[in-house]
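*Asks:*
2 protein chains.
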Amino acid sequence: MFEPPTASTDQQPGELGLVQWHDFVCREEFVFDSGQKLPGITIRYETYGELNADKSNAILICHALSGDHHCAGVHSFHDRKPGWWNNIIGPGKPVDTNKFFVICSNCLGGCQGSTGPGSINPETNLPYGRDFPWLSIADMVRAQHLLVTKHLGISCLYAAIGGSMGGMQVLQWGISYPHAVARLLPMATTARQNAQAIAFNEVGRNAITRDPDWNNGNYGRGKGPQTGLAIARMMAHITYLSDKGLEEKFGRGKVTAGSNRSPLDAEFEIESYLRYQGQSFINRFDANTYIYFTKALDRFDLFGPSGRLEDALSAVSARTLVIGFTSDWLFPPPQNRAIVQALLRCKKHATYAEIDMDLGHDSFLVEAPELYTLVRNFLSV
Amino acid sequence: MFEPPTASTDQQPGELGLVQWHDFVCREEFVFDSGQKLPGITIRYETYGELNADKSNAILICHALSGDHHCAGVHSFHDRKPGWWNNIIGPGKPVDTNKFFVICSNCLGGCQGSTGPGSINPETNLPYGRDFPWLSIADMVRAQHLLVTKHLGISCLYAAIGGSMGGMQVLQWGISYPHAVARLLPMATTARQNAQAIAFNEVGRNAITRDPDWNNGNYGRGKGPQTGLAIARMMAHITYLSDKGLEEKFGRGKVTAGSNRSPLDAEFEIESYLRYQGQSFINRFDANTYIYFTKALDRFDLFGPSGRLEDALSAVSARTLVIGFTSDWLFPPPQNRAIVQALLRCKKHATYAEIDMDLGHDSFLVEAPELYTLVRNFLSV
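These protein sequence lines map, in sequence, to chains A and B. All residue numbers for the first sequence refer to our numbering, where the first residue is -13 and numbers rise by one. All residue numbers for the second sequence refer to our numbering, where the first residue is -13 and numbers rise by one.
Encoded structure:
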């Protein structure tokens, strides 16, 4: 799975080239918000760039629902694709690895190396499955805080950056550890899931848990409710895009058809695209993690019992830039703007920026010069 | 299933009271757009009000994907709910049964009495299942035309009215039978499915056809891919509502929970609501019909190969009113407006009206005084 880095001759200018992951094995008891405990956790992470002498140049990247710790560079020169945010992270890029020490970890509860429901429960020698504690965004952030402070010895992050579920983690960092992060850059995110976002997650969870192979979350590696997980992903993928973006990319384009195809085969290009998205997802993601992460998303509510976002955000001391995207209908601009409005009511240093793009929620992941400029400028001061 | 009407004492003023369905059994060969044929078809329908002497007061109501022929009144005074458009159809209501003879039929391919994939194939004595011909919106309309002209002897409808898939049928009436309909009132509809609408239907179809009980469409009555159908319905139901409407109705409201509930039980009210919608749908709908109807929707494209909507709409001679709803994101206002714009370019008598409501696509089905006024006025001249 992992190849050690070798001297690179092919490396492109501005590209990180080969990167490697590491495991932080924390043998301290980890207590979840729920009160449940694990005797210890492992957090898989990558770093790019060099930590400076006073450890003041570290930037934490927080990933979204289906992301992981591998956000830039390649693990092998045979890799088809680099990390998921390679366009924005690298030498000379907006998150400049010539200046910054960039950290990205697989969230607690994940399925790419960090402890999660697919990890082996030492008490049973079987995967935790549904015995894994229910976790919150704050739990994910607490695990990241252990990694950053205890393991890497960094007392204060230069910045925390992330989109979608990553943006929630960024906000939680500012609230849980106000003195351990100097800049917050959440984007395409929300301070609480609204009913429609919960609704889509609930359909996805039902597709998974009503798959006959769900078996109450007990299944071996590479098995389990793969059909349900594919259906969940196909649906969710629509919510990451936009009406206009889909129309421009696919419209009513037809798949080239053989004469004896069934009408139930993919007829339109959008159908073929979604089927591919569903199928490729089951090869890299775990259904239990999907359930746990979507529950963490749905329970995320910085408005809290009082209904006042200011109550949570009053703890923040970091400078904050929140970026919304016009075509994002999963976490639309008003939900992003509301975070900044509440921060400003608390007399915090906060700015809202809105980028006019057609690609929907996933706009934050694609080539976007305006986003690059915003990120670069925010990190420069 | 059917109780004959009895003298009503409970009937509310303005309510139709007891209604009954009828079957039109057409023994002529029915040729589908695909070239496939059935030796005959049955169309189940209801009528309300009285046909006048010159048969000039007939209004056809066309139903949406999950609707049926029972659009007003009750079949029995024990019925929990009246027909699906009872708020708009009845004595003194916008579609006034004191003036008009109202007809509504279950679409060809349906599962509420008209010939569809669940009907018995006389050649095999088993349900057609996947042997049922693939059908188009135009096929549904051709069957309605047989009902209206051959069976009911009406040469020209006063109006055809319908929302969503019903709106597509209304448009198709104007194109296929320009001299058989004087007024078209489609609403919350489109002249062609766009990529996003196809995408959601494709996820629904995949949920059904990848359910182990799908069995390639061969299953007995009350059996089949019920989980897949419920998942499809839950997802589709979200697309019928709106972000704002869901937020106002459910927000983050929690289900009252017992202490030992699993986090996989419905936690939020929206989850409980969607599960109920999925479960109740499988009790009244057939998965094959869902597949056939959504394919008919996805293939509906009045822009045609030329990409010019005018080419199809130039045939229309009826006066047309198209109504869009601001919060409808399945068939948003621009898609409704585009129909009228094309009709006007063809020098047709056409008007577009937009109603500002928060309930999404399903706005056309709910109490809406502005809609009532538009319908009443359109039918009065």
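The C-beta atom is built at its ideal place from N, Cα and C for all residues, glycine as well.
Would you mind sorting residue 165 of chain A into buried or exposed? The rule is 16 or more other CB atoms within 10 Å of its CB.
*Replies:* exposed
*Asks:* I need the straight-line Cα distance from residue 221 of chain A to residue 211 of chain A, nearest angstrom please.
*Replies:* 16 Å
*Asks:* I need the boundaries of the beta strand (DSSP E) containing residue 91 of chain B, first residue and last residue.
*Replies:* 87 to 91
*Asks:* Take residue 17 of chain B and list the residues in its own chain whose beta-carbon comes closer than 7 Å to its own, dropping the five residues that flank it on each side.
*Replies:* 23
*Asks:* Measuring alpha carbon to alpha carbon, tell me which residue in A:47, A:294, A:195 is nearest residue 150 of chain A.
*Replies:* A:47
*Asks:* May I have the straight-line CA-CA distance separating residue 259 of chain B from residue 86 of chain B, to the nearest angstrom?
*Replies:* 37 Å
*Asks:* Just grab the DSSP bridge partners of residue 340 of chain B for me.
*Replies:* B:310
*Asks:* May I ask you to check if the CB of residue 352 of chain B is nearer than 7 Å to at least one heavy atom of the ligand NAD?
*Replies:* The ligand NAD is absent from the structure shown, which contains no ligand whatsoever.
*Asks:* So is residue 63 of chain A buried or exposed if we call it buried at 16+ other beta carbons inside 10 Å?
*Replies:* Exposed, since its Cβ has fewer than 16 Cβ neighbours within 10 Å.
*Asks:* When you compare each of A:28, A:0, A:348 to residue 227 of chain A by their alpha carbons, which one comes out closest?
*Replies:* A:348
*Asks:* Counting only Cβ pairs nearer than 7 Å, list the residues of chain A close to residue 213 of chain B.
*Replies:* The contacting residues are 196.
*Asks:* From what residue to what residue does the alpha helix (DSSP H) around residue 356 of chain A run?
*Replies:* 355 to 366
*Asks:* Going by CA-CA distance only, name the one from B:108, B:121, B:114, B:6 that's closest to residue 20 of chain B.
*Replies:* B:121
*Asks:* Pick out the complete beta strand (DSSP E) segments inside the segment 223 to 270 of chain A, 3 residues or longer, and give them in chain order.
*Replies:* Note on the segment 223 to 270 of chain A: there is no whole beta strand (DSSP E) run with a minimum of 3 residues.
*Asks:* In chain order, what residues of the same chain lie with their CB nearer than 6 Å to the CB of residue 370 of chain A, ignoring the 5 residues before and after it?
*Replies:* A question about residue 370 of chain A goes unanswered here, because the residues of chain A that appear run from -13 up to 367.
*Asks:* Residue 284 of chain B and residue 290 of chain B - do their beta-carbons sit closer together than 8 Å?
*Replies:* no
*Asks:* Alpha carbon to alpha carbon, what distance is there between residue 304 of chain B and residue 365 of chain B?
*Replies:* 12 Å
*Asks:* Should residue 426 of chain A be flagged as near chain B, meaning a C-beta pair shorter than 8 Å?
*Replies:* Residue 426 of chain A falls outside the range modelled here, since chain A spans only -13 to 367, and no answer is possible.
*Asks:* Do residue 11 of chain B and residue 28 of chain B have their C-beta atoms closer together than 8 Å?
*Replies:* Yes, the pair counts as a contact, with Cβ atoms nearer than the cut-off.
*Asks:* Counting Cβ pairs closer than 8 Å, one from the segment 264 to 277 of chain B and one from the segment 195 to 206 of chain B, do we hit at least three?
*Replies:* yes
*Asks:* Can you list, in chain order, the residues of its chain whose CB lies under 8 Å from that of residue 15 of chain B, leaving out five sequence neighbours each side?
*Replies:* Here the set comprises 23, 24, 25, 26.
*Asks:* Any chance the segment 343 to 362 of chain A sits against the segment 72 to 84 of chain A, with 3 or more Cβ pairs inside 8 Å?
*Replies:* Under the 8 Å Cβ criterion, the segment 343 to 362 of chain A counts as touching the segment 72 to 84 of chain A, having at least three qualifying pairs.
*Asks:* Which residue from A:148, A:93, A:117, A:168 puts its Cα closest to that of residue 301 of chain A?
*Replies:* A:168
*Asks:* Tell me which residues share the same chain as residue 196 of chain A and place their Cβ nearer than 8 Å to its Cβ, disregarding the 5 neighbours each side in the sequence.
*Replies:* Here the set comprises 214.
*Asks:* Please state whether the Cβ-Cβ distance between residue 217 of chain B and residue 189 of chain A is less than 8 Å.
*Replies:* yes
*Asks:* Once you ignore the five residues that flank residue 176 of chain A on each side, which residues in its own chain have a CB closer than 6 Å to its CB?
*Replies:* 317, 321
*Asks:* Across which residues does DSSP place residue 167 of chain A in a beta bridge pair?
*Replies:* A:143
*Asks:* Rank A:148, A:155, A:110 by C-alpha distance to the C-alpha of residue 123 of chain A and give the top, closest one.
*Replies:* Nearest option by C-alpha distance: A:155.
*Asks:* Between the segment 227 to 244 of chain B and chain A, which residues of the former have a C-beta closer than 7 Å to a C-beta of the latter?
*Replies:* 229, 232, 233, 236, 237, 238
*Asks:* With 16 other CB atoms within 10 Å as the buried threshold, where does residue 182 of chain A fall?
*Replies:* buried
*Asks:* Quick one: what's residue 9 of chain B bridged to in DSSP?
*Replies:* In the DSSP assignment, the residues bridged to residue 9 of chain B are B:30.
*Asks:* Do we get a CB-CB distance below 8 Å when we pair residue 23 of chain B with the residues of chain A?
*Replies:* no
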